[in-house]
Amino acid sequence: MDTAEDRLDRARESRLRRKARRQGFRVEKCRARSSENPAWATFRIVDVSNNTLAASAGWCDFGLTLDEVESFLADD
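When the sequence shown is numbered by this note's numbering, its final residue is 125 and no position is left out of the sequence of numbers.
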């Protein structure tokens, strides 16, 4: 069952995806299905002009929280 917090997170994620698209980036969420995976429910930012990684946590291709995604997009 969805909680109000889940709906707010999804709305925030959608807003950040739109903002990234306007700046020439794409926000991708890790598709891991197990919460035991350290990258589960984390994000990365891809530069769509050359399909390269623009931001990640460094220890894997993903690893960014929504707060970190928002911070990256605010800096541009």
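Ideal Cβ positions, reconstructed from N, Cα and C, are used throughout, including at glycine. Remember, predicted model here, so these are calculated numbers, not experimental data.
Annotation: Arg70 to Glu85 spans about 30 Å, alpha carbon to alpha carbon. Taking all protein chains in view, the Cβ of Ser105 is crowded by 16 or more other Cβ atoms within 10 Å, so the residue is classified as buried. In the DSSP assignment, Leu102 falls within the beta strand (DSSP E) that extends over Thr101 to Ala104.
Here DSSP, grouped into helix, strand and coil, assigns Phe92 to strand. Of the candidates Ala53, Leu65 and Asp55, Leu65 places its Cα closest to the Cα of Asp116.
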